[in-house]
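Q:
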């Protein structure tokens, strides 16, 4: 309830006379900060002040709209196959998403990707790679097979949450160097 000021009519009767007098006394409903000062601000004023204060903290909102990813710094391939796990700070369950693996420092080559949701993932693979993807709640694992020495490079995981809004993707990680050794 908002503090309000109203007037209260006070009727005082005098025992000695039948005259009564009416006086007007200010009545304050709500709390006063200190005696003689205005009442506390209204709820709408307090909400406005809170919104203005929150406007000065945009980094809080940005942190919620980015996903952090953890990858192993380096993987060595001996049998021409490797499993690259990407761990995310975001639960994919009941979300429509796209998880991708990119090759190169500039992430120019998409190795493979999976689109859809947790129960209906659809996979696509670059013709130069033999790749399958397994999706968990907070982990996406890319299984790369039949790798060649010339595919030694740095690989980056990318996760995009497409639905429900807002669109969210991960900050670019340090990546994983996959070193494919020559068979001897």
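In my numbering, the protein residues as written are 39 to 222. The beta-carbon is built from N, C-alpha and C at its ideal position, and this holds for glycine as well. Remember, it's a predicted structure, so these values are computed and weren't measured experimentally.
#1: Within its chain, find whatever has a CB closer than 7 Å to the CB of residue 141; leave out the 5 residues flanking it on each side and keep chain order.
#2: Indicate the three-state DSSP secondary structure (helix, strand or coil) for residue 127 in the structure shown.
#3: Between which residues of its own chain and residue 175 is the CB-CB distance below 8 Å, once the five residues before and five after are set aside?
#4: For residue 219 and residue 182, what's the separation of their Cα atoms in angstroms?
#5: Going by C-alpha to C-alpha distance, which of 134, 133, 197, 188 sits closest to residue 106?
#6: Return the CA-CA distance between residue 145 and residue 85, expressed in angstroms with no decimal places.
#7: Quick one: is residue 82 buried, meaning 16 or more other Cβ sit within 10 Å of its Cβ, or exposed?
#8: How about the stretch 107-115 and the stretch 206-218: do they share at least three Cβ pairs that are nearer than 8 Å?
#9: Looking at residue 208 and residue 184, is the spacing between their C-beta atoms short of 7 Å?
#10: Alpha carbon to alpha carbon, how far is residue 206 from residue 134? Give it in angstroms, no decimals.
#11: Buried or exposed: where does residue 162 fall if 16 or more other Cβ atoms within 10 Å of its Cβ makes it buried?
#12: Specify, as a first and last residue, the run of the beta strand (DSSP E) that residue 217 falls within.
#13: Between 178, 188, 204, which has its C-alpha nearest residue 127's C-alpha?
#14: Take the Cβ of residue 139 as the centre, count every other Cβ of all protein chains shown within 10 Å, and call the residue buried at 16 or more, exposed below.
#15: Would you tell me roughly how many angstroms separate the C-alpha atoms of residue 166 and residue 200, rounded to the nearest one?
A: Once the coordinates are examined:
#1: 147, 149, 191, 193
#2: coil
#3: 129, 130, 131, 156
#4: 14 Å
#5: 197
#6: 45 Å
#7: exposed
#8: yes
#9: no
#10: 11 Å
#11: exposed
#12: 214-218
#13: 178
#14: buried
#15: 27 Å
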